[in-house]
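Q: Quick note on numbering: the numbering used here labels position 67 of the sequence shown as 72, and the sequence is numbered without any gaps.
A virtual CB, placed ideally from N, CA and C, is assigned to each residue, including glycine.
The structure under discussion is supplied below as structure tokens; questions concerning it will follow.
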Amino acid sequence: MKKIAFLAAAFLLQACTSPLNTATAELGQPALSEQDKARLVEVTQGLPAEHQARYAARHPVETLSFFGIKPGDTVIEALPGEGWYSKILFPYLGKEGKLIGVDYNYAMWPEFGAWGKDPKFLAERKAWPAQWAVDAKTWGGADGAAAEAYTFATMPAELTGKVDAVLFIRALHNLARFDAKGQYLQQAMAETHRVLKPGGVVGIVQHAMTEDKPDAWATGERGYLKRSAVIQVMTQAGFEFVAESDINKNPKDDPQADDNVWRLPPSLSGSEEQKARNRLIGESNRITLLFRKK
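Here it is in structure tokens:
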């Protein structure tokens with residue numbers, strides 16, 4: 006078993022130094038040291054088997070390495086959900102680091118429809134920042150990063166210019182979907198720009214529709230956005246495009262009319278026949294983009 010774990014760690018370290026993941030260094034974003042890469046591998050290999058089962062589709066070591074996330078950084082994770090990435094980031098960032106969870110603007114949740122307007126659900130969203138900070142203590146351990154949590158409407162003035170990196174991992178599509186109703190995406194980008202240090206980075210992993218598909222299929226309502234649209238939003242918000250990685254692409258995911266991202270794992274909506282077919286596709290096709298605050 007020790008030999009298998011060692012080989013897995015060696016493979017992940019080799020993947021982190023592939024041409025795709027050294028693009029950040031070539032374009033001015035510091036590459037991770039070998040020590041930091043080894044630490045990231047150690048953290049990911051120490052998580053439970055059910056967590057590691059998603060690595061083949063989500064590539065957390067390669068993704069965080071590409072974004073240049075280092076121990077000691079102050080990092081914002083947008084819409085961290087149940088903490089899949091948080092459980093990696095808290096121990097990896099360590100005692101000198103800080104992880105800040107940021108939820109959607111509270112006013113956005115009713116836009117989702119009846120379930121988003123449910124009083125019990127809305128009460129849970131209001132309580133989420135405090136609950137997330139409590140959960141973080143169990144995810145990070147004694148040597149884990151400090152934890153804070155806000156929404157995009159409540160990040161304090163004291164954070165201005167203090168953040169090293171902001172991560173939007175499968176978190177942009179709903180902001181785009183409802184932007185016309187409350188400028189939620191514009192607000193998130195403006196707040197991201199405000200809190201980042203000069204030269205701070207934004208790492209994006211997003212379900213992506215290919216450019217040849219109709220724009221109406223990629224508004225965010227189906228979970229997908231187009232690469233060109235994401236780049237346009239980011240550049241208009243004052244960010245510089247730095248690099249792109251193919252690590253999270255899945256060419257098997259080629260959605261057609263009426264297909265949404267939730268037909269795929271882990272959600273697997275639809276009939277049993279559809280679920281069986283979609284299991285063979287795997288998780289969604291995703292773009293992985295890196296931007297820098299000018």
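#1: Under 8 Å, do I292 and R227 count as touching if we go by C-beta distance?
#2: For V266 and L230, what's the separation of their Cα atoms in angstroms?
#3: CB G102 to CB A150, shorter than 8 Å?
#4: For M239, does the three-state DSSP call read helix, strand or coil?
#5: Do L94 and L84 have their beta-carbon atoms positioned less than 8 Å apart in this structure?
#6: Comparing alpha-carbon positions, which option in H64, P53, V171 and Y90 lies nearest N255?
#7: Which two residues bound the contiguous beta strand (DSSP E) that contains T79?
#8: Whole angstroms is fine: what's the gap from A62's alpha carbon to E288's?
#9: Alpha carbon to alpha carbon, what distance is there between A141 and Q57?
#10: Helix, strand or coil: how does DSSP classify T68 here?
#11: By DSSP, does I292 sit in helix, in strand, or in coil?
#12: Which class does G51 belong to by DSSP, given the choice of helix, strand or coil?
#13: Give me the Cβ distance between A221 and A234, rounded to the nearest whole Å; I'm assuming they're in contact under 8 Å.
#14: Which one or two residues does DSSP pair with L201 in a beta bridge?
#15: Applying the criterion that 16 or more other CB atoms from any shown protein chain within 10 Å of the CB defines a buried residue, is Q192 buried or exposed?
#16: Quick one: grab the DSSP three-state call for S250.
#17: Can you check which of these residues, A43, K202, K100 and H212, is closest to P260 by C-alpha distance?
#18: Taking Cβ positions, are A112 and G187 nearer each other than 8 Å?
#19: How is A151 classed by DSSP in three states: helix, strand or coil?
#20: How big is the Cα-Cα spacing for V210 and S250?
#21: Tell me the DSSP secondary structure of Q191 in three-state form.
#22: Could you tell me which of D108, K92, N283 and E67 sits nearest to G146, measuring between CA atoms?
#23: In the DSSP assignment, find the alpha helix (DSSP H) that holds G106 and state where it starts and stops.
#24: Cα separation between T159 and L273?
#25: DSSP on M160, reduced to helix/strand/coil?
#26: Under a three-way DSSP split, which group does E87 fall into?
#27: Going by alpha carbons, who is nearest to M194 out of A138, R182, V238 and T68?
#28: Where do the N-terminal and C-terminal ends of the alpha helix (DSSP H) with L180 fall, by residue?
#29: Going by Cα to Cα distance, which pick from G88, L69 and K298 is closest to E196?
#30: With C-beta atoms as the reference, is D264 less than 8 Å away from N290?
A: Inspection of the coordinates gives the following:
#1: no
#2: Between V266 and L230, the C-alpha separation is close to 11 Å.
#3: Yes, the pair counts as a contact, with Cβ atoms nearer than the cut-off.
#4: helix
#5: Result no, Cβ atoms of L84 and L94 do not sit closer than 8 Å.
#6: H64
#7: T79 to A83
#8: 6 Å
#9: Distance between the alpha carbons of Q57 and A141: 19 Å.
#10: helix
#11: Under the three-state reduction of DSSP, I292 is assigned to strand.
#12: coil
#13: Their Cβ separation, rounded to whole angstroms, is 12 Å, which puts A221 and A234 out of contact at 8 Å.
#14: Here L201 is bridged, per DSSP, to V168.
#15: buried
#16: strand
#17: H212
#18: In contact: A112 and G187 (Cβ atoms closer than 8 Å).
#19: strand
#20: 10 Å
#21: helix
#22: Among D108, K92, N283 and E67, the Cα nearest to that of G146 belongs to K92.
#23: Premise fails: G106 lies in the beta strand (DSSP E), K103 to D108, not in any alpha helix (DSSP H).
#24: 34 Å
#25: coil
#26: coil
#27: Taking only the C-alpha atoms, the option nearest M194 is V238.
#28: H178 to R182
#29: K298
#30: no
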